[in-house]
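Chains as they are written, first to last, in the working numbering: chain R, 4 to 314; chain C, 11 to 340; chain B, 2 to 451.
Heads up: the structure comes next, in structure tokens.
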Amino acid sequence: MSQTVGVSPEMAGLHTPEARINKHKADWRGWKFMWPFAVVFIFVFIIPICYAIYISFFKKQMIGGTKFVGLENYSRLLSDTQFWSSVGRVAIFTIFQVPVMLFLAAAMALALDSMKLHGTKFFRISTFLPYAVPAVVSTLIWGFVYGAKYGLVGSFNSFFGTHIDVLSPDVLLAAIANINTWEFTGYNMLIFYSSLSTIPHSLYEAASIDGASEWQIVKSIKLPELKGSLAITVIFSIIGSFQLFNEPSILQNMVPGNAITTYYTPNMYAYNLSFSGNQSNYAAALAIVMAIITMAIAYIVQLKSMKEQMK
Amino acid sequence: MTSNGRLTEAELKAQEKAAKAAEKARQKRIAADEKAERKRAAKNGFSNPANPTRSIGLTVVCAIFAIYCLFPFAYLAINATKTQADFTSTFGMGFGKTFALWDNIVTVFTYQDGIFGRWFINTILYVVVGAGGATLLAIMGGYALAKFRFPGRNLCFAIIIGAISVPGIALAVPQFLLFAKLNLTNTPWSMIIPSLVSTFGLYLMWIFSDQAVPDELLEAARVDGAGEFRTFFQISLPLLAPGIVTTALFAIVATWNNYFLPLIMLKDSNWYPLTIGLNQWKDQASTAGGQAIQNLVITGSLITIIPLVISFLCLQKYWQSGLAAGAVKE
Amino acid sequence: MRNVKKAIAATAAIATLVGLAACGNGSGDGNANKGDADKAELVFWGWDSGNSMKDIIAKFEKANPGITVKFNNTGTAEKTSTALSNAIAAGNGAPDVVMLEDPTVTQFAVTDGLVDLSEFGADKLADDFAAGPWNKLQYNSKPYALPIDSGPEMFFYNKAVFDKAGVDGESIKTWDDYYEAAKKIRATGSYITNLAGTSNDYQPFTAQIWQAGAQPWKVDGEKITINMTKDEGMQRYIKFVQKLIDEDLVDTKTPNWSDDWNRELNDGTIASLTIGAWMPINLMTGAPDQAGNWRVAQLPQWEEGQEVSAEDGGSALAVVKLSKNQAAAYKFIEYMTHGDGAQVMADTGTFPSLKKILTSDSFTDPTTEANKKTNDYFGGQNVNEVLSEAAQRPTEKFQYLPYNPFAQSSYGDEVSKAYTGEITLEQALENYGKKLAEQGEQQGYTVTVK
Chain R
4 MSQTVGVSPE
14 MAGLHTPEAR
24 INKHKADWRG
34 WKFMWPFAVV
44 FIFVFIIPIC
54 YAIYISFFKK
64 QMIGGTKFVG
74 LENYSRLLSD
84 TQFWSSVGRV
94 AIFTIFQVPV
104 MLFLAAAMAL
114 ALDSMKLHGT
124 KFFRISTFLP
134 YAVPAVVSTL
144 IWGFVYGAKY
154 GLVGSFNSFF
164 GTHIDVLSPD
174 VLLAAIANIN
184 TWEFTGYNML
194 IFYSSLSTIP
204 HSLYEAASID
214 GASEWQIVKS
224 IKLPELKGSL
234 AITVIFSIIG
244 SFQLFNEPSI
254 LQNMVPGNAI
264 TTYYTPNMYA
274 YNLSFSGNQS
284 NYAAALAIVM
294 AIITMAIAYI
304 VQLKSMKEQM
314 K
Chain C
11 MTSNGRLTEA
21 ELKAQEKAAK
31 AAEKARQKRI
41 AADEKAERKR
51 AAKNGFSNPA
61 NPTRSIGLTV
71 VCAIFAIYCL
81 FPFAYLAINA
91 TKTQADFTST
101 FGMGFGKTFA
111 LWDNIVTVFT
121 YQDGIFGRWF
131 INTILYVVVG
141 AGGATLLAIM
151 GGYALAKFRF
161 PGRNLCFAII
171 IGAISVPGIA
181 LAVPQFLLFA
191 KLNLTNTPWS
201 MIIPSLVSTF
211 GLYLMWIFSD
221 QAVPDELLEA
231 ARVDGAGEFR
241 TFFQISLPLL
251 APGIVTTALF
261 AIVATWNNYF
271 LPLIMLKDSN
281 WYPLTIGLNQ
291 WKDQASTAGG
301 QAIQNLVITG
311 SLITIIPLVI
321 SFLCLQKYWQ
331 SGLAAGAVKE
Chain B
2 MRNVKKAIAA
12 TAAIATLVGL
22 AACGNGSGDG
32 NANKGDADKA
42 ELVFWGWDSG
52 NSMKDIIAKF
62 EKANPGITVK
72 FNNTGTAEKT
82 STALSNAIAA
92 GNGAPDVVML
102 EDPTVTQFAV
112 TDGLVDLSEF
122 GADKLADDFA
132 AGPWNKLQYN
142 SKPYALPIDS
152 GPEMFFYNKA
162 VFDKAGVDGE
172 SIKTWDDYYE
182 AAKKIRATGS
192 YITNLAGTSN
202 DYQPFTAQIW
212 QAGAQPWKVD
222 GEKITINMTK
232 DEGMQRYIKF
242 VQKLIDEDLV
252 DTKTPNWSDD
262 WNRELNDGTI
272 ASLTIGAWMP
282 INLMTGAPDQ
292 AGNWRVAQLP
302 QWEEGQEVSA
312 EDGGSALAVV
322 KLSKNQAAAY
332 KFIEYMTHGD
342 GAQVMADTGT
352 FPSLKKILTS
362 DSFTDPTTEA
372 NKKTNDYFGG
382 QNVNEVLSEA
392 AQRPTEKFQY
402 LPYNPFAQSS
412 YGDEVSKAYT
422 GEITLEQALE
432 NYGKKLAEQG
442 EQQGYTVTVK
């Protein structure tokens, strides 16, 4: 019998029992690689979160100092209409913005990967480039675009005689969603794209030998490959849009009629409570509740499929 | 047959070694073949064997999207050529009366004793140490999660998702207090340490390691007697290249554009990164008695983006070789 | 091995957590921290709109060889006060000297973050400063900061636009005159001014009601009375502004300090502003095309013949209680606000609050380089002469709420609704009053709403 190539499957077979034994015996080797991340993560996230939970049971007043109030902050939050209106707003934002953005990102990634484009490199960088712009600057730019008097919308209006105002309260959220889509489509595209680039060439080869059409290749090879990255982009996008802060707070001073209130999004509300309202304890309670809501939604939407992926 | 049934330990080892070497050689061959195939295909203008032609229609659709992505940059580029007076008085997408791009660039680097240069160097420091470290930690962590079944592994996922669901704004105060306790505020460490965590990078590397590093290869290396770290550096890292580049790019941009954290942590303008510095300049226009220097803000923003574009261009070749990583996965 | 590392990480985590939990309550005793008045390394947080801090500090260090000052530019007033409250909460990392916007001083005084400057004899300086800025910095009749600049409310107008509408800006003496002028200016397509009710309009709002003699809130120790709409001065203000809104005489779409705002000032869409005396430099850089057209005049009055002024903006220097070098820090702020530094500040464009400078010949001398530049923009008018007169006018006593940052940010939330026409200004202010009352109660005050 051949002692070289032919043996290898059996050899692999020989070793699986050992591997299985390892699984039962608590295999600590992973921590060799995991601990640096874990240490920094505990320092930067876990300790501050524990502290936030701790202070959410207290109340600090200008008159009377700090006192323990139990769950008072939480019960106040439940009946805080400003808070729930902000949650509703980001929920609507998420429902519309995340699918549009991810669809664009996936479509762009597939187009780039199809090798059917002229100038693939150019399109790849132009899609990604907006992500490189700091939020401060991109909001400045879009603020100009949206300007009904001096901006592009204004020029459009005077040219066509229309009266479009994208910053009016009814469509403001969509205007913000557009900024976010512009900023983050490239980011998500890149994730999809780099995951597509791990598909082995031989798969395509086999598919073409079988006479598969372009669409069949996309459907049965590429889309399944995207599933894994889709799960994580969905979760991170949901978390991201629930934490909407930069764009509305920078736009705040450009929008007529103060349509962006200090409680426009939960994060802005937390910021204002904490930094201009001297209510860090209440803001901490808000943060904890938001985290629970976000996790619940992420879980319902995607976590299950993501967990499978991670098994 | 009988002798084969009961191999001595030495024989077993030798066999394993031979098998491993053969497997390695085979993988190498496949990788090389595929690389050549991809090269040939790319040269001919197609790589998707089912469809060799480029599509004008698809290109046009993508071009429309590219315009959407790029036209705000035209705004930035045009306005970087204006003086402050032209900025307020002329139309946003048209050029000003004077072409002041060079003046603006010079002023950006000389204003307030040339502090912009200092901010630039700071940002590079934060990116190299912070984003570099974040990438390394994410690779190691993601690799561990994908390739080892260690105690606590199943909890990691839930804990990390839970932690990043907490609004960062509300964590800023506790983070600040913690860093202040340790006398780390107002030092580069208050910028670098939090930058070391890239949860998104961790997940990305988790997925990538799962897909790109075959278990058999690791087993083979272990059988070969290689330590975990040697296996990691010599076998896994090269396979992870496209994932690493993606993760690094995200970490770089995230650190480069980090705004909220340094705003809380740093009060010494000598340690500011570019984003905070530019925002301080922007605020100057809305301060009582302050001079508006929007022209410098715009020009500074444009300069800020350039290094990111360069690093993107440098890194992008790694995605093309992503195929080599995929080669071992069948 | 791994277990040990994990254990170390966990222990460290718990230890820090306990440390954190313990910290919240520490606040040092002021008197122990006077330090050596002649030898210290001071840290100074503030903003630097005139780009003059470096020079002034160098001069101070030369005059006081034992003291060095490290200036950290903290950007804006809002960011500075946020940073200060964070540092105070952490109990470390706070500066020795801090620049604050006048209205926020009370808040830090109430929460024991600042040093009562009468310990160092600052109360004796009262008569040397203009009344407006000085009055804002007192808490329990003790000074907690010294004014570094001030902003008497002025009436800036674009003469070219006014001429076109047939209005003489000089003859606008009362708010009734202003209303008549507003109608004529509106007829030409421009607006007399912009009012959008955003949080950036909060300071001009307080200045205007202050001038109207309103007392929308009264703070008496732990008691606060809020009287947002029934107060006589408030009524006067509400009726007047509601009229401007109803008749479309003010631009309600453009918030202060936006890019659009600059553009409208620059193209004449906004024909005048009632804003602080520090405005000339902002106008010169923000509205360059109107060079030669702008003029400045005294604020219109509610009653003919009155000469009442009010303050919009203005900032002050304070000594932080956590400082270990309070005596040296006081020396520095005294130099900056009352000593030689004040003159340099005034020379570089900061509007002074020291009477000595306001009345000095050099301040109104039209031949100095800085004055010449400003006066050219204002069509040859001697700007500082007008401003100086305003600064010396009497002001009513006005008190800010101890939670002023909240009052400012929620002003935009509530009052802007009156400018979009959703509700009347009276309703909006009533809602605003309720918000302020709620916040007061949250902060432990006993609040009465009238």
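The beta carbon of each residue, even a glycine, is placed where N, CA and C say it ideally should be.
Assumed close pair residue i, residue j - CB separation to whole angstroms, cut-off 8 Å
{"i": "Val384 (chain B)", "j": "Asn376 (chain B)", "result": "6 Å"}
{"i": "Thr184 (chain R)", "j": "Val103 (chain R)", "result": "6 Å"}
{"i": "Gly140 (chain C)", "j": "Ser205 (chain C)", "result": "3 Å"}
{"i": "Tyr153 (chain R)", "j": "Gly102 (chain C)", "result": "7 Å"}
{"i": "Val137 (chain C)", "j": "Ile320 (chain C)", "result": "The Cβ separation is near 12 Å, so there is no contact."}
{"i": "Ser50 (chain B)", "j": "Gly300 (chain C)", "result": "4 Å"}
Euclidean distance between Cα positions of residue i and residue j
{"i": "Pro227 (chain R)", "j": "Ser197 (chain R)", "result": "14 Å"}
{"i": "Ser161 (chain R)", "j": "Thr421 (chain B)", "result": "23 Å"}
{"i": "Leu254 (chain R)", "j": "Ile49 (chain R)", "result": "32 Å"}
{"i": "Arg264 (chain B)", "j": "Thr98 (chain C)", "result": "5 Å"}
{"i": "Trp46 (chain B)", "j": "Asp278 (chain C)", "result": "9 Å"}
{"i": "Ile334 (chain B)", "j": "Val44 (chain B)", "result": "12 Å"}
{"i": "Met229 (chain B)", "j": "Trp262 (chain B)", "result": "28 Å"}
{"i": "Phe278 (chain R)", "j": "Leu206 (chain R)", "result": "56 Å"}
{"i": "Ser191 (chain B)", "j": "Leu245 (chain B)", "result": "14 Å"}
{"i": "Gly2 (chain R)", "j": "Ala222 (chain C)", "result": "Only positions 4 to 314 of chain R appear in this structure, which leaves residue 2 (chain R) out of reach."}
{"i": "Val98 (chain B)", "j": "Ala127 (chain B)", "result": "20 Å"}
{"i": "Leu107 (chain R)", "j": "Arg79 (chain R)", "result": "40 Å"}
{"i": "Tyr267 (chain R)", "j": "Pro251 (chain R)", "result": "8 Å"}
{"i": "Asn270 (chain R)", "j": "Leu175 (chain R)", "result": "18 Å"}
{"i": "Thr297 (chain C)", "j": "Leu81 (chain R)", "result": "38 Å"}
{"i": "Thr396 (chain B)", "j": "Trp135 (chain B)", "result": "11 Å"}
{"i": "Asp116 (chain R)", "j": "Val221 (chain R)", "result": "10 Å"}
{"i": "Leu306 (chain C)", "j": "Leu323 (chain B)", "result": "37 Å"}
{"i": "Leu181 (chain C)", "j": "Ile295 (chain R)", "result": "15 Å"}
{"i": "Ile52 (chain R)", "j": "Gly172 (chain C)", "result": "10 Å"}
{"i": "Ser240 (chain R)", "j": "Val101 (chain R)", "result": "6 Å"}
{"i": "Gln382 (chain B)", "j": "Ala166 (chain B)", "result": "21 Å"}
Sequence-distant residues of its chain with Cβ nearer than 8 Å to residue i (five each side left out)
{"i": "Gln209 (chain B)", "result": "Glu154, Tyr238, Thr275, Ala311"}
{"i": "Glu166 (chain C)", "result": "First, the amino acid is wrong: residue 166 (chain C) is Cys here, not Glu. The answer, listed in chain order, is Leu155."}
{"i": "Phe186 (chain C)", "result": "Thr195, Ile274, Met275"}
Chain-order list of residues whose beta-carbon lies under 6 Å from that of residue i (same chain, five-residue window excluded)
{"i": "Asp39 (chain B)", "result": "Gly67"}
{"i": "Ala392 (chain B)", "result": "Ala131, Pro153, Leu359"}
{"i": "Ala41 (chain B)", "result": "Ile68, Asn326, Ala329"}
{"i": "Gly189 (chain R)", "result": "Thr130, Phe131, Pro133, Tyr134"}
Sequence-distant residues of its chain with Cβ nearer than 7 Å to residue i (five each side left out)
{"i": "Ser59 (chain R)", "result": "Asn76, Asn284, Ala287, Ala288, Ile291"}
{"i": "Val70 (chain B)", "result": "Leu43, Phe45, Ile58, Phe61, Glu62, Phe333"}
{"i": "Ile182 (chain R)", "result": "Ser141, Thr142, Trp145, Glu250"}
| task | Could I get the ranges of all uninterrupted beta strand (DSSP E) runs contained in the segment 168-238 of chain B, with 3 residues as the minimum, in chain order? | result | 218-221, 224-227
| query | Can we say the segment 303-319 of chain B touches the segment 103-119 of chain B, given the rule of at least three CB pairs closer than 8 Å? | reply | yes
| task | Please list the segments of the alpha helix (DSSP H) lying wholly inside the segment 141-224 of chain C, counting only runs of 4 or more residues, in order along the chain. | result | 142-157, 163-175, 178-191, 199-205, 209-222
| message | Taking 8 Å as the cut-off, does the segment 145-161 of chain C touch the segment 205-225 of chain C (at least 3 CB pairs, one atom from each stretch)? | response | yes
| Where in the segment 369-413 of chain B do unbroken runs of the alpha helix (DSSP H), each at least 4 residues long, occur, reported from the N-terminal end onward? | 370-378, 384-392
| query | For the segment 297-332 of chain C, which segments carrying the alpha helix (DSSP H) assignment without a break, of at least 4 residues, lie completely within its bounds, in sequence order? | reply | Secondary structure in the segment 297-332 of chain C: the alpha helix (DSSP H) runs of 4 residues or longer, each lying completely within the stretch, are 304-325, 327-330 in chain order.
| query | Does the segment 82-99 of chain R come close enough to the segment 213-220 of chain C to have 3 or more Cβ pairs within less than 8 Å? | reply | The segment 82-99 of chain R, when compared against the segment 213-220 of chain C, does not touch it at the 8 Å Cβ threshold.
| Stretch pair the segment 126-136 of chain R + the segment 257-271 of chain R: three plus CB contacts closer than 8 Å | no
| query | Taking the runs of the alpha helix (DSSP H) that are 4 residues or longer, which of them lie wholly in the segment 60-132 of chain C? | reply | Taking only runs of at least 4 residues, the alpha helix (DSSP H) segments lying wholly in the segment 60-132 of chain C are 66-89, 94-99.
| How do the segment 78-91 of chain C and the segment 281-293 of chain C stand: do at least 3 beta-carbon pairs fall below 8 Å, yes or no? | no
| Would you call the segment 69-89 of chain B and the segment 336-353 of chain B in contact, with 3 or more CB pairs under 8 Å? | no
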